Structure formats: structure tokens, C-alpha cells
């Protein structure tokens with residue numbers, strides 16, 4: 622499993638998240654007959670660069686976690702559940718193009734990093750399941766194969782991994 626983190630190089634040896642392109646595609650729609658969730662705004666598409674060093678991750682505020690699977694790229698979706706469905710993203714020459722359904726907030730913690738989306742933190746629950754939590758849950762990031770990183774819990778023997786047979790992410 623290869624995991625890609627994304628930031629944009631400012632060109633002066635610093636890295637911050639900045640949008641190279643932001644595209645919000647809208648189409649005329651019929652009026653909705655069912656109420657919509659007001660907490661779900663439209664999500665822009667972003668183009669972001671691959672992080673290759675842990676020091677770059679420390680500067681990040683947003684990340685996309687990507688597994689390369691049989692030539693396709695599957696990002697960890699942001700709808701936190703026991704298992705998390707992937708979002709297909711495009712990766713070309715070290716840049717990933719993803720919509721908000723794959724973009725996580727990231728913040729440094731005492732022993733690692735916390736990942737959040739929509740005000741909820743991604744946490745390990747039990748067995749091979751995740752859960753949403755109100756408190757920051759620490760994930761450690763270590764260099765993996767192919768220039769990617771492994772994302773593993775700092776409190777349990779579980780990590781964020783893509784399961785090919787189930788086409789989903791879990792705490793394996």
C-alpha cells in the first residue's frame with residue numbers, strides 16, 4: 622500500500638497548503654423535494670502535491686491519504702464509519718487531484734498527528750474498525766515503501782490500510 626500526502630511547495634523551501642486550482646462544478650438542478658443537510662457545503666476540487674519528507678507533513682493543514690491499487694488511486698474518504706469507503710482520485714507526476722470528500726484536516730499532536738473531517742476525529746475503535754471521536758486521536762506517520770508513509774495508531778497495533786478484497790479502508 623502506498624500512501625501519498627499532499628502539500629504545495631512555495632518555492633522558498635517552505636511548504637503550506639495552497640490551491641493551485643479550485644474548480645467548483647455546478648449544474649442546474651431541479652428543486653429538491655427532500656431537505657438537504659445544511660452542514661454539507663459543496664466541495665471544491667483541489668490539485669495538491671505529494672509530500673516526500675516527514676518535515677513537510679509538519680507544515681500541512683490538509684492531506685489526502687492515497688493507496689495505489691492495481692494502477693488506480695484510492696483515497697481515504699472522509700465519511701467516518703467502522704470501515705471507510707474509498708474515493709477515486711487522479712495522481713499525475715506527484716500531484717493528486719481530489720474533491721473535498723477525500724481531503725482531511727491534519728494537526729500535530731504530542732506523539733503524532735490527528736486527522737479530522739467535519740468536526741470529528743478519525744479514531745481506532747475496536748477489531749478492525751474506526752470511529753468518529755470528539756477528542757483528537759493520535760496517528761503516527763513513518764516512511765514506507767515507494768516514497769509513501771504508513772499511518773499507524775500510536776495507542777494500538779492498528780493502522781489505516783486499504784483492503785483490496787473489501788474495497789474499503791479499515792484499521793488493520
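Residue numbers (this note's numbering): 622 to 793.
No residue lacks a Cβ here, since even glycine has one placed at the ideal position from N, Cα and C.
Bear in mind that the values here come from a model prediction, so they are computed numbers and not experimental data.
The continuous beta strand (DSSP E) containing residue 689 extends over residues 687-690. Ranked by how close their Cα comes to the Cα of residue 739, the residues 745, 755, 731 and 748 have 755 in first place.
Judged by DSSP secondary structure, residue 731 falls outside any beta strand (DSSP E); it is assigned neither H nor E.
Remark: C-beta atoms of residue 724 and residue 682 do not approach each other more closely than 8 angstroms. Look at residue 765 here: in three-state DSSP terms it is coil, with no helix or strand label. Look at the beta carbons and you see the region 691-711 touching the region 729-748: at least three pairs across the two are nearer than 8 angstroms.
Of the other Cβ atoms in all chains shown, fewer than 16 fall within 10 Å of the Cβ of residue 709; this residue is therefore exposed.
Scanning its chain for C-beta atoms nearer than 6 angstroms, with the 5 sequence neighbours on each side dropped, one finds around residue 730 the residues 757 and 759, in chain order.
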